[in-house]
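>
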Amino acid sequence: MDETEQDGIDDSQPPHEESPTKEGNVQNTKTRRLQENNPGLFGVDNVQAREAWPYALGQGIKVCVVDSGLDASHVDFDQSRLDGFDNPGLQWFQDGDGHGTHVTGTIAAAHNGLGAQGVAPNVDVFVVRVFDSNGGFAFSSGLVGAARQCQQAGARVINMSLGGSAFSPAEEQLLGRIVQSGILIVAAAGNSGPNAGFSFPASYQNIISVAAVDSNNVVASFSQQNRRVDLSGPGVGVFSTLPGNQFGLLSGTSMASPHVAGVVALLWSFRPNASSGRIEQALLRSALDLGPSGRDNTYGFGIVQALAGLEDLKGGPLDDSDLLVNAPPENNAGGDNNNIRRREDPTLSTSQSSSVSCFSSSTLVHEQQQGPISIDKVQIGDRILTSKNTYETVYSLGHRHTSVAATFQQIFTSDSTDPLELTPEHMVYLVDGRAVPASSVKVGDRIQFLAITDINTTVDASVMVTKISSIIRRGVFAPFTASGTIVVNDGIVASTFLAFDTASSNLVIGGSALPISYQWLSWAFEAPHRLVCRHYWEYCQSETYEAATGISNWAYLPLIAAQFVLGQSMLVQYALSLPFVIVLSLAVAAEQLTSAEWLSTTVIVSLVLWWTFFYNQGMPRSTRKLKAS
Numbered sequence: 005m006d007e008t009e010q011d012g013i014d015d016s017q018p019p020h021e022e023s024p025t026k027e028g029n030v031q032n033t034k035t036r037r038l039q040e041n042n043p044g045l046f047g048v049d050n051v052q053a054r055e056a057w058p059y060a061l062g063q064g065i066k067v068c069v070v071d072s073g074l075d076a077s078h079v080d081f082d083q084s085r086l087d088g089f090d091n092p093g094l095q096w097f098q099d100g101d102g103h104g105t106h107v108t109g110t111i112a113a114a115h116n117g118l119g120a121q122g123v124a125p126n127v128d129v130f131v132v133r134v135f136d137s138n139g140g141f142a143f144s145s146g147l148v149g150a151a152r153q154c155q156q157a158g159a160r161v162i163n164m165s166l167g168g169s170a171f172s173p174a175e176e177q178l179l180g181r182i183v184q185s186g187i188l189i190v191a192a193a194g195n196s197g198p199n200a201g202f203s204f205p206a207s208y209q210n211i212i213s214v215a216a217v218d219s220n221n222v223v224a225s226f227s228q229q230n231r232r233v234d235l236s237g238p239g240v241g242v243f244s245t246l247p248g249n250q251f252g253l254l255s256g257t258s259m260a261s262p263h264v265a266g267v268v269a270l271l272w273s274f275r276p277n278a279s280s281g282r283i284e285q286a287l288l289r290s291a292l293d294l295g296p297s298g299r300d301n302t303y304g305f306g307i308v309q310a311l312a313g314l315e316d317l318k319g320g321p322l323d324d325s326d327l328l329v330n331a332p333p334e335n336n337a338g339g340d341n342n343n344i345r346r347r348e349d350p351t352l353s354t355s356q357s358s359s360v361s362c363f364s365s366s367t368l369v370h371e372q373q374q375g376p377i378s379i380d381k382v383q384i385g386d387r388i389l390t391s392k393n394t395y396e397t398v399y400s401l402g403h404r405h406t407s408v409a410a411t412f413q414q415i416f417t418s419d420s421t422d423p424l425e426l427t428p429e430h431m432v433y434l435v436d437g438r439a440v441p442a443s444s445v446k447v448g449d450r451i452q453f454l455a456i457t458d459i460n461t462t463v464d465a466s467v468m469v470t471k472i473s474s475i476i477r478r479g480v481f482a483p484f485t486a487s488g489t490i491v492v493n494d495g496i497v498a499s500t501f502l503a504f505d506t507a508s509s510n511l512v513i514g515g516s517a518l519p520i521s522y523q524w525l526s527w528a529f530e531a532p533h534r535l536v537c538r539h540y541w542e543y544c545q546s547e548t549y550e551a552a553t554g555i556s557n558w559a560y561l562p563l564i565a566a567q568f569v570l571g572q573s574m575l576v577q578y579a580l581s582l583p584f585v586i587v588l589s590l591a592v593a594a595e596q597l598t599s600a601e602w603l604s605t606t607v608i609v610s611l612v613l614w615w616t617f618f619y620n621q622g623m624p625r626s627t628r629k630l631k632a633s
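The sequence shown runs 5 to 633 under this note's numbering.
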């Protein structure tokens, strides 16, 4: 006798149909996806995911997404981490309207610099498709049956960005049993506004109900408010994946729920032996209290906080012993993660905090007057060594954040005392003159090297790469020079820029490498910035930075523009890349005409207008800025 017969409950009928219910049957309700449209981007920062990534990435945890399916071919997913329930007529790897792909991207989009950033990028995802292409609930065995498929697949977290207004005691009881087995179910609180009452399954006992807030942590106008609301999450204009290798903004408690599900995965990956009750306790106790003190019907216990949740699980502040080490580079979405290590638990992994290139805080540069100095001491206006007997003025700090932790690739060489430490996207010069991403450098390669005989004399040379490893450090730095090169440590010649594809030194569109190097592309993108600095130095001296990552706001806009273009389909990439290259070439040409200030000014204004056009076509905005110290 199965458990449903023991309790006199028949859960074999779908609970989300309009037909009347019979005694013993699960209450019938109507389920819909919850969404609205509203611009903006803020999710991973407001839930402290970025701060938690050095300690947890969701590794070893399976999250089940019950939704409209998933475009499993999307470039921003690691296909090796995706699986689903094969249901006739509802193929899990296809998405009828994009809702499920967007939700899944919020949880698990890879950190590959292409567009979205998942809250827990290293989770395994299991998809159960319950909606057909017309948006109707079509899973034959009902919502409970979908949850059981998640349970059988080994999921520890289930996200349900769906809901209906009718209460089903049987459905509540059966979902409660799944929760009692050690699984946490996270669900959207509903989009019918503050006076609409309850939405189910979110308002069932033992389900974590999630309200939506905007980028300022103010409750969304559509978010339902009731005594069952447990937590809040970002849900207004969330930027995530859409079918067809696209990205876009959606709003709704459907978008808030996966933020919480992703944080659950982060916490569980940090303490994989914790009970579901302990994880839920940490979520509620560590939430950022909003509204009236304590729990309220609007925000629940507050907006979910990943880092604070990790600290609650540990029982105190995190330190270097909690960091994940020896992980593969974050942007290697399809890489093998079997060699992951944590200092105190040899089973876990980490990755860098952002997809922007930078050096670690242990890097030395050679300043013309002071000699070798730590890279974190470099200021705008300093003159640093960039090539043989050549010093250039630092016109921008590019990427500067003293507390962000990142995974750096260590490149050991035959003649350098200290390894070069830079992020996988950051470029270094091979002996043949090519600037290549650090992730593509192999043992045995020869890289450019300047033998420094004294503070003003250098000799061209090269060194062999003898070892490659990785390490986590706090602090990310990338000062910019006019040539785009910088000499670091004992004399290694590196770029100040990044490659948008870590497997190639040239621009890649549609799988084909074009005769345009990433070094030139990045250098050309900086031409307007250099023009401004040349003619209006005071603007460069008052540089500001994107608060969460430390990226210069001069560099942030062209970076987002480039990522926007590279995130489009192949034809769109070609169509947009051509004007990019033409305009950038004009900017470079204008830069070379140092006496033609009127031309420089014209180009600057044109580029600002051009970038603003693309910036307003749906690309995310950086709203938090930090004044340079």
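For glycine and all other residues, C-beta sits at the position ideal for the given N, C-alpha and C.
Which residues in the same chain as A482 place their Cβ atom closer than 7 Å to its Cβ, once the five residues preceding and following it in sequence are excluded?
Only S361, C362, F363, G402, H403 and T500 meet the Cβ criterion.
> What did DSSP end up calling L188 once you bin it into helix, strand or coil?
It is a strand residue.
> Tell me the rounded alpha-carbon separation between N460 and Q372.
Unreliable positioning characterises N460 in this predicted model, as indicated by a pLDDT of 49, which lies under 50. The coordinate reading is nonetheless provided below. Rounded to whole angstroms, N460 to Q372 spans 8 Å at the Cα level.
> Taking Cβ positions only, does A60 come closer than 8 Å to chain D?
As a matter of chain content, chain D is missing from the structure shown, which is built from one protein chain.
> Quick check on P238: buried or exposed, where buried means 16 or more other Cβ atoms within 10 Å of its Cβ?
P238 comes out buried.
> Going straight from the alpha carbon of E550 to that of H103, what length do you get?
About 29 Å.
> Just to check my reading of the structure: L179 and V148 have Cβ atoms closer than 8 Å, yes? What is that Cβ distance to the nearest angstrom?
L179 to V148, Cβ: 6 Å. Contact.
> Expressed to the nearest angstrom, what Euclidean distance is found between the alpha-carbon atoms of T302 and N221?
Going by the C-alpha atoms only, they are around 12 Å apart.
> Can you give me the start and stop residues for the alpha helix (DSSP H) that I379 sits inside?
Unbroken run through I379: none, as it is neither H nor E.
> Which value, in whole angstroms, describes the spacing of the CA atoms of H263 and S196?
So the two alpha carbons sit approximately 20 Å from each other.
> Would you mind sorting E542 into buried or exposed? The rule is 16 or more other CB atoms within 10 Å of its CB.
By the 10 Å Cβ count, E542 comes out exposed.
> Check for me: the beta strand (DSSP E) holding G266 runs from which residue to which?
It is not in any beta strand (DSSP E) - G266 instead sits in the alpha helix (DSSP H) that spans T257 to F274.
> Which residue comes first and which comes last in the alpha helix (DSSP H) that contains V48?
Unbroken alpha helix (DSSP H) run through V48: G47 to N50.
> Give me, in chain order, the residues of the same chain whose beta-carbon lies closer than 6 Å to that of M259; leave out the 5 immediate sequence neighbours on both sides.
Excluding sequence neighbours, M259 sits near G239 and V242.
> Could you spell out the range, first to last residue, of the alpha helix (DSSP H) harbouring P532?
Note, P532: alpha helix (DSSP H), A531 to H539.
> Which two residues bound the contiguous alpha helix (DSSP H) that contains H405?
First-last for H405: R404 to T417, but that is the beta strand (DSSP E), not the alpha helix (DSSP H).
> Give, in chain order, every unbroken run of the alpha helix (DSSP H) that is at least 4 residues long and sits entirely within the segment 101 to 137.
Segments of the alpha helix (DSSP H) lying fully in the segment 101 to 137: 103 to 112.
> Are V134 and A150 closer than 8 Å when you measure CB to CB?
Yes, they are a contact pair.
> Can you name, in chain order, every residue of its own chain whose Cβ lies under 7 Å from the Cβ of V48, other than the five neighbours on each side?
If we look at V48 and ignore the five residues flanking it on each side, its Cβ neighbours are R54, Q121 and V123.
> Just checking, does the segment 164 to 179 make contact with the segment 69 to 78 on the three C-beta pairs under 8 Å criterion?
These segments touch.
> What's the C-alpha gap between D101 and V107?
Cα-Cα distance, rounded: 12 Å.
> May I have the straight-line CA-CA distance separating N41 from L253, to the nearest angstrom?
For N41, the pLDDT reaches just 36, beneath the cut-off of 50, and the residue's location in the model is therefore unreliable, leaving the point undetermined.
> My assumption, with CB atoms under 8 Å, is that G304 sits in contact with S290. Please give the rounded CB distance.
That pair is no contact at about 13 Å.
> Using the Cβ count rule (16 or more neighbours within 10 Å means buried), how would you classify K381?
Classification of K381: exposed, given that the 10 Å Cβ count is below 16.
> Of all the options H533, I182, D300 and G488, which has the alpha carbon lying nearest to the alpha carbon of A215?
Considering only alpha carbons, the answer is D300.
> If I follow the unbroken beta strand (DSSP E) through E425, where does it start and stop?
Taken as a continuous stretch (DSSP letters only), the beta strand (DSSP E) holding E425 covers L424 to L426.
> With DSSP as the reference, identify every bridge partner of A215, one or two as the case may be.
DSSP lists S236 as partners of A215.
> In whole angstroms, what is the alpha-carbon distance linking P125 and G554?
Their Cα atoms are separated by approximately 21 Å.
> May I have the straight-line CA-CA distance separating V79 from N249, to the nearest angstrom?
Roughly 6 Å separates the two Cα atoms.
> What three-state label does DSSP hand G146 in the structure shown?
G146 falls in the helix class under three-state DSSP.
> Evaluate R534 with the Cβ neighbour count: other Cβ atoms within 10 Å of its Cβ, from every protein chain shown; 16 or more gives buried, anything less gives exposed.
Classification for R534: buried.
> Mapping DSSP to helix, strand and coil, what is A439?
If DSSP states are grouped into helix, strand and coil, A439 belongs with the strands.
> Could you pull the start and end residues of the alpha helix (DSSP H) that G313 belongs to?
Run containing G313: A310 to K318, per the alpha helix (DSSP H) assignment.
> Could you give the DSSP three-state label for R85: helix, strand or coil?
Helix.
> How about V267 and V308: are their beta carbons less than 8 Å apart?
Against a cut-off of 8 Å, the Cβ pair of V308 and V267 comes out as a contact.
> If you scan the segment 480 to 504 from start to end, which runs of the beta strand (DSSP E) of 3 or more residues do you find wholly inside it?
Those beta strand (DSSP E) runs which fall completely within the segment 480 to 504 and span 3+ residues are 489 to 492 and 496 to 502.
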